[in-house]
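Chemist: Numbering of the sequence shown is given in UniProt numbering, commencing with residue 1 and proceeding in unit increments.
Note that the Cβ used here is the ideal one computed from N, Cα and C, for glycine as well.
Fair warning: this is a prediction, and the values are worked out from it, not measured in the lab.
Encoded as structure tokens, here's the structure I'll be asking about.
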Amino acid sequence: MRSSVDAFSEDTNQAVESNPAADSARPAPERVSPRERRVSYPVVLVLLGAALMVAVVVGLAVGSVSLPLTDVVAILGQQVFPGWIDPGWPATYDTILLDVRLPRVLLAGIVGAGLSAVGTALQALVRNPLADPFLLGISSGASLGAVTLLVTGATVLGTLATPMVAAFAGSMVTLAAVYALASSGGRMTTTRLVLAGVALSYVLSALTDLLLSTASDPHLMASIRFWRLGSVAGTEWRTLPIPAIVVLVGLAVLLWQSGSLNLLLAGEESAGTLGLDVHRFRTGMFVLVSLMTGVMVAVSGAIGFVGLMVPHAVRMLVGADHRRVLPTATLLGATFLILADLAARTVAAPQEIQLGVLTALCGGPFFVWLLRRQTRREKTDR
1 MRSSVDAFSE DTNQAVESNP AADSARPAPE RVSPRERRVS YPVVLVLLGA
51 ALMVAVVVGL AVGSVSLPLT DVVAILGQQV FPGWIDPGWP ATYDTILLDV
101 RLPRVLLAGI VGAGLSAVGT ALQALVRNPL ADPFLLGISS GASLGAVTLL
151 VTGATVLGTL ATPMVAAFAG SMVTLAAVYA LASSGGRMTT TRLVLAGVAL
201 SYVLSALTDL LLSTASDPHL MASIRFWRLG SVAGTEWRTL PIPAIVVLVG
251 LAVLLWQSGS LNLLLAGEES AGTLGLDVHR FRTGMFVLVS LMTGVMVAVS
301 GAIGFVGLMV PHAVRMLVGA DHRRVLPTAT LLGATFLILA DLAARTVAAP
351 QEIQLGVLTA LCGGPFFVWL LRRQTRREKT DR
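Following this line, the structure appears as structure tokens:
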């Protein structure tokens with residue numbers, strides 16, 4: 001008998017999961033369970049860890065000025081073991097790598113890991129495979145909060161509030177509104193959840209554009225428009241500590257609560273029977289994912305579809321157990337966004353494509369495919 005974890009993996013329409021009706025029609029000797037087809041979990045972690053390191057090195061080496069890979073490794077080694085390596089590279093390499101590219105690559109990895117973890121948690125919390133901070137309007141809410149503060153210069157207790165605080169407030173209110181709209185009038189469905197998220201996202205984006213059109217500072221307006229499309233360009237070292245701490249702590253909490261996330265896979269009634277206070281747990285998790293989303297949007301803008309694509313890809317490899325999905329998703333998400341940012345600054349060089357545009361080009365077709373598949377599943381279940 002399949003566990004609830006395996007059942008959720010099938011319900012969220014992973015491509016690796018085969019159709020039950022099709023499986024029953026195959027000869028018994030040819031049937032191979034999804035669990036048997038998956039790669040060993042330690043092997044997956046090792047491969048993704050290696051891929052992440054390669055992505056970091058390539059992201060540091062490739063750009064408007066290409067740096068030899070040997071020099072990149074040597075410069076990084078010099079930072080870890082000062083004095084052990086004799087500097088034989090031009091001094092400008094240190095500035096390019098350490099002051100310009102390394103903060104940018106690290107922020108892309110942090111945001112990619114955080115968005116993937118948030119998407120994984122949301123899909124479990126609302127038991128919907130289409131849940132994603134961008135599709136549910138959470139990113140738009142965070143953007144509106146941050147833009148409101150930047151345009152109006154609002155203060156809190158006499159101190160200029162950081163965009164992260166405003167973004168967190170906007171994402172929290174938006175998530176609560178989307179969940180309330182999708183749950184009103186009966187059982188929450190995929191269509192209801194997506195429609196509520198898209199509708200609120202359009203409204204919030206319109207309000208953000210209205211604020212931008214009334215901004216008196218043209219330079220501020222241009223920078224905010226650039227930031228709204230998603231970008232990690234111009235990242236400085238001082239930008240990294242807060243998102244790094246929030247993502248690491250948030251991931252630690254999600255891993256600590258991975259057992260409870262697994263309980264939700266069997267449904268609210270079953271989870272409650274097994275001792276989980278569903279309402280309290282979901283409320284706490286909503287606050288956590290809103291905080292993580294708000295902080296990431298404040299430093300990189302709205303980057304969509306990472307939290308949708310990566311969890312699905314990961315479940316194809318390791319199943320739906322969150323004790324395995326969360327670590328794997330963070331590695332894959334970090335690698336994906338580092339490579340996406342590399343493509344954003346090299347594909348149309350010397351011009352730079354917005355990072356959010358590239359992720360949308362990847363995630364849009366994936367979302368359409370997933371939505372059609374989910375719709376067919378719902379019709380079959382009726």
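Give a yes or no on whether the C-beta atoms belonging to Leu-342 and Val-58 are separated by under 8 angstroms.
Modeler: Taking 8 angstroms as the Cβ cut-off, Leu-342 and Val-58 qualify as a contacting pair.
Chemist: Please give the ranges of any alpha helix (DSSP H) in the segment 255-327, keeping only runs that are unbroken, at least 4 residues long and fully inside the region.
Modeler: Counting only runs of 4 or more, we get 258-264, 268-273, 278-300 and 306-318.
Chemist: Decide if Val-368 is buried, meaning its Cβ has at least 16 other Cβ atoms within 10 Å, or exposed.
Modeler: Exposed is the call here.
Chemist: Is it true that the CB of Leu-331 sits closer than 8 angstroms to the CB of Leu-107?
Modeler: Cβ distance not < 8 angstroms, so Leu-107 and Leu-331 don't count as in contact.
Chemist: Within 10 Å of its beta-carbon, does Val-56 have 16 or more other beta-carbons around it, so buried, or fewer, so exposed?
Modeler: Label assigned to Val-56: buried.
Chemist: With respect to 7 angstroms, is the separation between the Cβ of Thr-120 and the closest non-hydrogen atom of the ligand FMN below this value?
Modeler: Absence of the ligand FMN is noted for the structure shown, with no ligands found whatsoever.
Chemist: In this structure, how does DSSP classify Pro-129 when only helix, strand and coil are distinguished?
Modeler: In the structure shown, Pro-129 sits in coil (DSSP, three-state: anything other than H, G, I, E or B).
Chemist: By the three-class DSSP mapping on this structure, what secondary structure does Pro-27 have?
Modeler: No answer about Pro-27 holds up, because its pLDDT of 37 lies below 50 and its placement is not dependable.
Chemist: Contact check, Val-232 vs Leu-130 under 8 angstroms by CB: the rounded distance?
Modeler: Not quite, the Cβ-Cβ distance comes to about 26 angstroms (not below 8 angstroms), so this is no contact.
Chemist: I need the DSSP call for Trp-84, collapsed to helix, strand or coil.
Modeler: Trp-84 falls in the coil class under three-state DSSP.
Chemist: Among Leu-229, Arg-228, Ile-85 and Val-310, which one has its Cα closest to the Cα of Ala-329?
Modeler: Closest by alpha carbon: Val-310.
Chemist: What does the alpha-carbon distance come out to for the pair Ala-206 and Ser-216?
Modeler: About 18 angstroms.
Chemist: Please state whether DSSP places Val-232 in a helix, a strand or coil.
Modeler: Here Val-232 sits in coil by DSSP.
Chemist: Put Ile-353 into one of helix, strand or coil per three-state DSSP.
Modeler: It is coil, neither helix nor strand.
Chemist: Are there 16 or more other CB atoms within 10 angstroms of the CB of Tyr-179, so buried, or fewer, so exposed?
Modeler: With 16 or more Cβ atoms within 10 Å of its Cβ, Tyr-179 is classed as buried.
Chemist: Can you give me the Cβ contacts of Val-246 inside the same chain, cut-off strictly under 7 angstroms, excluding the 5 residues immediately before and after it?
Modeler: Same-chain partners within the cutoff: Leu-291, Met-292 and Val-295.
Chemist: Starting from Thr-148, trace the alpha helix (DSSP H) both ways and give me its first and last residue.
Modeler: 138-152 is the extent of the alpha helix (DSSP H) around Thr-148.
Chemist: What residue from Ser-300, Leu-276, Arg-127 and Ile-96 has the CA that sits closest to Ala-182's CA?
Modeler: When each option's Cα is compared against that of Ala-182, the closest is Arg-127.
Chemist: Leu-45: which of Pro-350, Gly-333 and Arg-282 sits nearest, CA to CA?
Modeler: The shortest Cα separation from Leu-45 among Pro-350, Gly-333 and Arg-282 belongs to Gly-333.
Chemist: So, are the CB atoms of Gly-230 and Ile-303 less than 8 angstroms apart?
Modeler: Contact: yes.
Chemist: Is the beta carbon of Gly-307 sitting closer than 8 angstroms to the one on Ser-140?
Modeler: Not in contact: Gly-307 and Ser-140 (Cβ atoms no closer than 8 angstroms).
Chemist: From which residue to which residue does the alpha helix (DSSP H) around Ala-215 run?
Modeler: Note, Ala-215: premise wrong, no alpha helix (DSSP H); not H, not E.
Chemist: Starting from the Cα of Leu-371, find the closest Cα among Ala-340, Ala-348 and Asp-132 and give me that residue.
Modeler: Selected option, being the one with the closest Cα: Asp-132.
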